[in-house]
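Below is one structure; the comments refer to it alone.
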Amino acid sequence: ATNYYARGIGFDTELDVTQFNLSTPASQNVAIGLGTKTRFSLDEKSVYKPTIIFGAMVPFSLQGEGVGHWIYSTFNVELPQTRTTITAGISKGSKQIFGKDVTSFIGGFEQKITGKLSFLGDWYSGNHNLGIGALALGYYFSKDLVFYGGYQIANHNQNSANSYVIEIATFF
């Protein structure tokens, strides 16, 4: 399981505290991470809303494996005709989170169904602890509160498990 808290600090930037890999059976790489994520608009006037997101996390192993890293970046574009956002990017992280040092492709989409309801998909490639594909519905109660519910499927069952996902996101 992954549990996290993110706090927006303005300028399209958030600070994060994340607990990784608390599971049954026990994972061999439980960690607490401190990080940040920021979004940059590439053309605020474009109907495609192109953006780049950069993130970084410093995970501290709770099982004596030291300090690691996780850096990632994605490019996002919205297709105005269908109101679909497409995401593609790259992730590089260490064993403290992923079980081994890995580089992965990140892919995703968000399809708006109504003004408040979206269908989402995310995928991290690879044979590691966070190598999963996930499908979910997101319901926007307000601009400050979103509920996500879905299911994630492990790329390789020996590293992760299929499971239900629930997230409540608040924005400050």
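Under my numbering, the residue at position 170 of the sequence shown is numbered 153, and the numbers go up by one with no gaps. Backbone N, C-alpha and C fix where the C-beta goes; we use that ideal spot for every residue, glycine too. Every value quoted in this text rests on a predicted model; they were computed, and no experiment measured them.
Own chain partners of Tyr131 with C-beta closer than 6 Å, once the 5 adjacent residues on each side are dropped: Walking along the sequence shown from the start, residue 131 turns up at place 148. So the qualifying residues of the chain are Ala119, Gly121, Glu150.
Where Lys28 falls: helix, strand or coil (DSSP): Your numbering for residue 28 matches position 45 in the sequence shown. Looking at Lys28 - three-state DSSP - the assignment turns out to be coil, as it is neither helix nor strand.
Short Cβ contact (8 Å threshold) for Val30 with Pro63: Here residue 30 is taken as the residue at index 47 of the sequence shown, counted from 1. Here residue 63 is taken as the residue at index 80 of the sequence shown, counted from 1. Less than 8 Å separates the beta-carbon of Val30 from that of Pro63.
Coarse secondary structure for Lys78, derived from DSSP in three states: The residue you call residue 78 lines up with position 95 of the sequence shown. DSSP places Lys78 in helix when its eight states are reduced to three.
Ser108 (DSSP reduced to helix, strand or coil): Taking the sequence shown and counting its residues from 1, one reaches residue 108 at position 125. In this structure, Ser108 counts as coil in the three-state DSSP scheme.
Beta strand (DSSP E) segment containing Val129, residue limits: As a first step, residue 129 must be located in the sequence shown, where it is residue number 146. Where Val129 is concerned, the enclosing beta strand (DSSP E) stretches over 128 to 137.
Three-state class that DSSP yields for Ile54 in the structure shown: By one-based count along the sequence shown, residue 54 stands at place 71. In the structure shown, Ile54 falls within a strand segment according to DSSP collapsed to helix, strand and coil.
Ala14 versus Ile115: straight-line alpha-carbon distance, rounded: To locate residue 14, count along the sequence shown from 1; it is residue 31. To locate residue 115, count along the sequence shown from 1; it is residue 132. Their Cα atoms are separated by approximately 19 Å.
Contact set for Tyr107: own chain, Cβ-Cβ below 7 Å, skip 5 residues either direction: Here residue 107 is taken as the residue at index 124 of the sequence shown, counted from 1. So the list reads Ser74, Ser87, Ile89, Leu113, Gly114, Ile115, once near-sequence residues are dropped.
Beta-carbon gap between Gly82 and Asp105 smaller than 8 Å: Locating residue 82 in the sequence shown gives position 99, counting from the first residue. Locating residue 105 in the sequence shown gives position 122, counting from the first residue. Taking 8 Å as the Cβ cut-off, Gly82 and Asp105 do not qualify as a contacting pair.
Element boundaries [beta strand (DSSP E), containing Phe43]: On the sequence shown, position 60 is the one that residue 43 refers to. Per DSSP, Phe43 belongs to the beta strand (DSSP E) from 34 to 44.
Neighbour-count burial assignment, Ser125, 16 or more Cβ in a 10 Å radius: What you label residue 125 is simply residue 142 of the sequence shown in a count that begins at 1. Counting other Cβ atoms within 10 Å of its Cβ, Ser125 stays below 16 and is therefore classed as exposed.
Nearest-angstrom Cα separation, counted from Gly133 out to Ser44: By one-based count along the sequence shown, residue 44 stands at place 61. By one-based count along the sequence shown, residue 133 stands at place 150. Whole-angstrom Cα-Cα distance: 28 Å.
For Gln11, the three-state DSSP class (helix, strand or coil): Translated into positions along the sequence shown, residue 11 becomes position 28. The answer is coil: DSSP assigns Gln11 none of H, G, I, E or B.
Helix, strand or coil at Ala144 according to DSSP, with G and I counted as helix: Here the question's residue 144 lines up with position 161 in the sequence shown. Here Ala144 sits in coil by DSSP.
Endpoints, beta strand (DSSP E) assigned at Thr(-4): Your numbering for residue -4 matches position 13 in the sequence shown. Residues -4 to 3.
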